[in-house]
Ligand code: WTA
């Protein structure tokens, strides 16, 4: 029996049980058989969730890019590693072979070194979905620099906050980016961000759109001439298993975004293992994940997981609606995609369009469909299953998080019978627990509770960059000796898990995690605003949309409400990015508060969702009269 590639349900259960009985032997076998180590580990695992401190494969030495690139050169040198599909369907796709990828990563790594970047330095990458994004990520890993990719839809303020938090020395960006019919001035956003970042000594700029941009002399460099001049080989830096690989920011329910730190060996082993199993990847498959590398899904399942398996991974620069709503299906047909991994929000958006977009394309190459990022509703699941998968491609509803590094709960296609809206069963090595509000584990089936994980797995985040205390408080304090996910879940009669959604103040909009507090902070900075509260409400396409309740200052009372609403959204766009804009804004005289001054969001959520028949207990409110006033004018 191979631990590495599960092929039927019985085998899954056997492997799963083995992984529980002896997790260390289990992961040691996976690590031993499928990766290239410069030195083997002295100790598979040491852990203490009270500190918390987690170490996997301590003492081992490796470089993740040797595993993702070099070791494939002998047998897969001419195989396509990255298949780049540009925004414009008339521009040629690029097939970058493993050999070419090796050379491009090495050259890029040498450029980084020439620019003074060394092991342990942080490099911020703010790029669109062009090959340079994957290549720069790998180039950092090649020399042991810690990459911090920031999604190129974030605003200048969001970018500068992230650059400063991890004290990055360099930014890698492009002149601009294409998104459908739009061209975005990325370099302009970087310039604005860097006004607040004194630690950046150099900016590398890839040419993508050919726009006229400002280059600050001494700081900014065009990438292409540097790459051309660089040497084509670069000896990989030998890293310790627990050396940092990357930082990736995710929203918290309060305050600053959290820079989740992932380390090298465990992350590599777990993402590669789950990629192979969850997508049942076979040698000649063409795998496509539509996420952006700016999110964890792109890190783990566009770059590291697929490349560690010698796979062909597609990178798509554009959007599903350009030049029309058939674009995804055009790409599936054109490149004969075998595994297709996307977000429920994209499925819902496409399901609203004419079915001809799907039925006119040949999608027969597909074998596995995946979803990630938010719960998938029954209707979207069936549409995906019937029209995209033609009822023959299993859907893997994969539940995981930036913090978990890799997929935690998911069917294994062709093994686990799927069930709409259920992420089904834990991956080998993953020990979920459902907890009640008193911190007691709820055993048995047909129960629901707060989802925790009670044993470490290799790709879990090790800390929040620069704030270990917050790491402990956020994830390891709510339930003793367990990692708390922030999600609620239920377990059905056969032990399948269904994720019911966040139980904290994070709202998932179109698959993006948004904390309420940072959005409220952004709104409150508007001179006419006194206070605000944000809640989510169900939305057909986005899953959740944002509803803002805003109290104006006296000076704002006379202002036109439509204009104020636009300004509030502009404020959010400037501080965070357009993804955090509010769908509805209601100006209110007050917010329902408890006697201790806490906003009662439960009531606001009900009003926003038009579910006001039972508001629950309002007796503890300081100002119950305001509830009726808000309800009367609700949008
Ligand atoms: C939610 C994305 C239901 C969940 C990889 C989680 C999901 C948060 C699913 C993490 C799913 C992700 N079903 N909910 N299949 N996948 N989520 O950090 O609330 O961007 O906590 O990681 O998305 O989002 P993140």
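In UniProt numbering, the protein residues as written are 1 to 635.
Ideal Cβ positions, reconstructed from N, Cα and C, are used throughout, including at glycine.
This one's a predicted model, so the numbers in the text were calculated from it and none came from an experiment.
Note down the Cα distance separating residue i from residue j, rounded to an integer number of angstroms.
i: residue 636; j: residue 255; result: Given a span of 1 to 635 for the chain in the structure shown, any question on residue 636 remains unanswerable.
i: residue 160; j: residue 487; result: 29 Å
i: residue 637; j: residue 419; result: Because residue 637 is not part of the residues shown, which for the chain are 1 to 635, the question remains open.
i: residue 541; j: residue 374; result: 12 Å
i: residue 298; j: residue 438; result: 36 Å
i: residue 511; j: residue 291; result: 10 Å
i: residue 260; j: residue 248; result: 5 Å
i: residue 464; j: residue 324; result: 41 Å
i: residue 368; j: residue 572; result: 38 Å
i: residue 560; j: residue 626; result: 22 Å
i: residue 637; j: residue 110; result: Since the displayed the chain opens at 1 and closes at 635, residue 637 lies outside it and no answer follows.
i: residue 289; j: residue 422; result: 20 Å
i: residue 70; j: residue 120; result: 22 Å
i: residue 8; j: residue 276; result: 14 Å
i: residue 389; j: residue 468; result: 44 Å
i: residue 532; j: residue 520; result: 6 Å
i: residue 404; j: residue 629; result: 43 Å
i: residue 620; j: residue 155; result: 39 Å
i: residue 493; j: residue 445; result: 5 Å
i: residue 382; j: residue 355; result: 14 Å
i: residue 139; j: residue 13; result: 39 Å
i: residue 379; j: residue 106; result: 46 Å
i: residue 181; j: residue 338; result: 28 Å
i: residue 41; j: residue 23; result: 15 Å
Report the option in the options whose CA atom is closest to the CA atom of residue i.
i: residue 605; options: 597, 595, 591; result: 591
i: residue 245; options: 435, 22, 263; result: 263
i: residue 300; options: 169, 68, 514, 515; result: 68
i: residue 677; options: 111, 129, 135, 145; result: Shown here, the chain extends from 1 to 635; a query on residue 677 therefore has no answer.
i: residue 569; options: 142, 553, 401, 534; result: 534
i: residue 125; options: 170, 618, 396; result: 170
i: residue 21; options: 443, 429, 111; result: 429
i: residue 362; options: 332, 338, 556; result: 332
i: residue 83; options: 198, 240, 335; result: 335
i: residue 210; options: 424, 217, 177; result: 177
i: residue 539; options: 614, 382, 376, 499; result: 376
i: residue 631; options: 252, 599, 549, 576; result: 549
i: residue 449; options: 5, 500, 243; result: 500
i: residue 434; options: 395, 391, 484, 462; result: 484
i: residue 80; options: 284, 164, 191, 127; result: 284
i: residue 660; options: 399, 103, 345, 393; result: As shown, the chain starts at 1 and ends at 635. That puts residue 660 outside it, with no answer to give.
i: residue 522; options: 30, 294, 581; result: 581
i: residue 565; options: 574, 584, 243, 555; result: 584
Check residue i in the structure and name its three-state DSSP category.
i: residue 6; result: coil
i: residue 628; result: helix
i: residue 491; result: strand
i: residue 301; result: helix
i: residue 616; result: coil
i: residue 476; result: helix
i: residue 545; result: strand
i: residue 163; result: helix
i: residue 556; result: helix
i: residue 274; result: helix
i: residue 471; result: helix
i: residue 11; result: helix
i: residue 359; result: helix
i: residue 498; result: strand
i: residue 61; result: strand
i: residue 454; result: coil
When the cut-off is 8 Å and only beta carbons count, does residue i lie next to chain C?
i: residue 478; result: Here chain C cannot be found, since the structure has a single protein chain.
Task: contact_flag[the stretch 85 to 93, the stretch 108 to 125] where n(CB pairs < 8 Å) is 3 or more - done: no
Open item on the list: Within 8 Å, do at least three Cβ pairs link the stretch 61 to 73 to the stretch 264 to 283?
Closed with: yes
Task: Any 3 or more C-beta pairs closer than 8 Å across the stretch 507 to 517 and the stretch 535 to 545 - done: yes
Open item on the list: Taking 8 Å as the cut-off, does the stretch 279 to 292 touch the stretch 395 to 415 (at least 3 CB pairs, one atom from each stretch)?
Closed with: yes
Open item on the list: Between the stretch 44 to 54 and the stretch 456 to 465, can you find at least three pairs of beta-carbon atoms closer than 8 Å?
Closed with: yes
Task: Validate contact between the stretch 347 to 361 and the stretch 313 to 328 using beta carbons, cut 8 Å, 3 pairs - done: yes
TODO: Count the CB pairs spanning the stretch 222 to 230 and the stretch 198 to 213 that are closer than 8 Å, and state whether there are at least three.
DONE: yes
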